[in-house]
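Novice:
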Amino acid sequence: MNLMVNGKADYVDSGNFAHLAAEEAKKYGDIHIAATSREANYTFVPKTYDWRPDADYAYITTNNTIYGTRYTAIPDAPAPLVADMSSNILSEEMDVTKFGMIFAGAQKNIGPAGLCIVIVRKDLMGKEAAYTPKLMSWALQSKNDSMLNTPNTYGIYIAKLGFEWLRDLGGVPAIYQQNVHKANLLYDFIDNSALFNAPAAKEDRSLMNVTFVTGDADKDAAFVKFATQNGLVNLKGHRSVGGMRASIYNAMPVEGVQKLIEVMKAFEKENA
Ligand SMILES: *Cc1c(COP(=O)(O)O)cnc(C)c1O
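Numbering-wise, our numbering comes out as the position in the sequence shown, counting from 1, plus 294.
This is how it looks when you write it as structure tokens:
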């Protein structure tokens, strides 16, 4: 609504949320899929793109939450790049000059659900279509200090506490080091495991969402149950992929990952 001046936008379909975004955008304009890994069950992030020179924006999802892949290099597109960073914002440094607009739901790395962070290049504001509701207008929101209506004050307050926690820890460079350490511990274990495998392409592995499988749906279910009995919950993969997914967002301490590896080792001993 805010960017579709010519009614054309390009999308990279790299996962569940990317796909949903492209489908939703079709209500508003002519949507072209510039690249996709859908046929490969989203096991990798597309590296070549068929961008249209006259698109109003190019859309990517920097971390594919359900499939456990992420962009390790941000692509160049002729149109302003729009990015959904919901599941990896503040987990690693990003060159913001590469983007026209960045948005992220707060519920993974920032604070409680019900809040969305929007970062927009100033020159891209004020282009919204006439039908755009006031509350959806970046220009109006910006002019009103994001308080055109009464915002989610409690969510914003908790987000502030989250930002302060991250700042005191040393900011994004410090949490990135921790995130790499946590993810490496888990991927190294999986790579050397006689039972577990990671389906995501190695070069595109997410630091936030580690997906893994045994290759046998019954064993996967048995593992999820075993993990729950050992105090580790929500490890079941999304219903569209099956298997397991460990979401190790900024707030997950390294001890949580170490505990998961212990439990995986114990299960492997009995089931490999
Ligand atoms: C979680 C997430 C969303 C939003 O999910 P809801 O739970 O529907 O609010 C959007 N995009 C990505 C990449 C996500 O990880």
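C-beta atoms are modelled at their ideal positions from N, C-alpha and C, and glycine is treated no differently.
So the candidates are V557, M546 and E422; which of them puts its Cα closest to the Cα of I484?
Specialist: For the residues V557, M546 and E422, the minimum Cα distance to I484 belongs to V557.
Novice: So, is V474 buried or exposed, given that buried needs 16 or more other C-beta atoms within 10 angstroms?
Specialist: Classification of V474: exposed, given that the 10 Å Cβ count is below 16.
Novice: I need the DSSP call for G465, collapsed to helix, strand or coil.
Specialist: In this structure, G465 counts as helix in the three-state DSSP scheme.
Novice: To the nearest angstrom, report how far apart V297 and K421 are at their CA atoms.
Specialist: Note that residue 297 is Leu in the sequence shown, not Val. Each residue's alpha carbon lies about 6 angstroms from the other.
Novice: Relative to the C-alpha of Y481, which residue among T447, A492 and F520 is closest?
Specialist: The candidate whose alpha carbon is nearest that of Y481 is A492.
Novice: Report back the beta-carbon spacing between R375 and G394 to the nearest angstrom; my notes put them in contact at under 8 angstroms.
Specialist: In the sequence as presented, Arg is not what sits at residue 375; that position holds Leu. Right, their Cβ atoms sit about 6 angstroms apart.
Novice: Are the beta-carbon atoms of N503 and R461 separated by less than 8 angstroms?
Specialist: The answer is no: Cβ separation not under 8 angstroms.
Novice: Per DSSP, which one or two residues make a beta bridge with G537?
Specialist: DSSP lists no partner for G537.
Novice: Tell me, to the nearest whole angstrom, how far the beta carbon of N358 is from that of S500; I am working on the premise that it is less than 8 angstroms.
Specialist: Between S500 and N358 the Cβ distance is about 7 angstroms, and since that is below 8 angstroms, they are a contact.
Novice: A316 and I327 - do their beta-carbons sit closer together than 8 angstroms?
Specialist: Going by C-beta atoms, I327 is nearer than 8 angstroms to A316.
Novice: Nearest to N355 by CA position, among Y365, A349, R346 and P347, is which residue?
Specialist: Sequence check: residue 355 is Thr here, not Asn. Considering only alpha carbons, the answer is Y365.
Novice: Would you mind working out which of G405, A329, G309 and I325 sits nearest T363, comparing C-alpha positions?
Specialist: Closest option to T363, Cα to Cα, is G309.
Novice: Please specify which runs of the beta strand (DSSP E), each continuous and at least 3 residues long, are wholly inside the region 487 to 542, giving them in chain order.
Specialist: Counting whole runs of 3 or more residues, the region 487 to 542 contains the beta strand (DSSP E) stretches 503 to 506 and 538 to 541.
Novice: With a CB to CB cut of under 7 angstroms and the five nearest residues on each side skipped, what residues in its chain are close to T444?
Specialist: Excluding positions up to five away in sequence, the list is empty.
Novice: When you compare the CB of L434 with every CB in chain E, is at least one pair closer than 8 angstroms?
Specialist: The chain labelled as chain E is not found in the depicted structure, where only one protein chain is given.
Novice: Going by C-alpha distance, which of E386, D510 and K428 is nearest G465?
Specialist: Looking at the Cα atoms, E386 is the closest of the given residues.
Novice: With 16 as the cutoff for other CB atoms within 10 Å, does A377 come out buried or exposed?
Specialist: A377 is buried by the Cβ-count criterion.
Novice: Using 8 angstroms as the threshold, is the C-beta distance between D304 and A352 below it?
Specialist: Yes, the pair counts as a contact, with Cβ atoms nearer than the cut-off.
Novice: M546 and F476 - do their beta-carbons sit closer together than 8 angstroms?
Specialist: Residue identity check: residue 476 is Lys in the sequence provided, not Phe. Yes, Cβ-Cβ distance for K476 and M546 is below 8 angstroms.
Novice: Looking at the secondary structure, which residues open and close the alpha helix (DSSP H) in which V548 lies?
Specialist: Here the alpha helix (DSSP H) through V548 covers V548 to N565.
Novice: Find out if the Cβ-Cβ distance for the pair L489, A566 is shorter than 8 angstroms.
Specialist: Yes; because the gap between Cβ atoms is below 8 angstroms, this pair is in contact.
Novice: Less than 8 angstroms between the C-beta atoms of V306 and Y361, yes or no?
Specialist: Not closer than 8 angstroms, so no.
Novice: Using the beta-carbon count (16 or more within 10 Å), is P340 buried or exposed?
Specialist: Burial call: buried.
Novice: Going along the chain, which unbroken runs of the beta strand (DSSP E) with 3 or more residues stay wholly within the region 376 to 415?
Specialist: You should have 395 to 399 and 410 to 414.
Novice: Closer than 7 angstroms: is that where the CB of S380 sits relative to any heavy atom of ligand 1?
Specialist: Yes, the Cβ of S380 comes within 7 angstroms of a heavy atom of ligand 1.
Novice: Would Q471 be called buried (16 or more neighbouring beta carbons within 10 Å of its own) or exposed?
Specialist: Looking at its Cβ environment, which holds fewer than 16 other Cβ atoms inside 10 Å, Q471 is exposed.
Novice: Give me the residue from A433, A373, G408 and P369 with the minimum Cα distance to D389.
Specialist: Looking at the Cα atoms, P369 is the closest of the given residues.
Novice: Could you work out which residue in S331, D350 and A329 is closest to Y322 when comparing CA atoms only?
Specialist: That would be D350, whose Cα lies nearest to the Cα of Y322.
Novice: Do you know offhand how far I383's Cα is from D512's?
Specialist: I383 and D512: Cα-Cα distance of roughly 35 angstroms.
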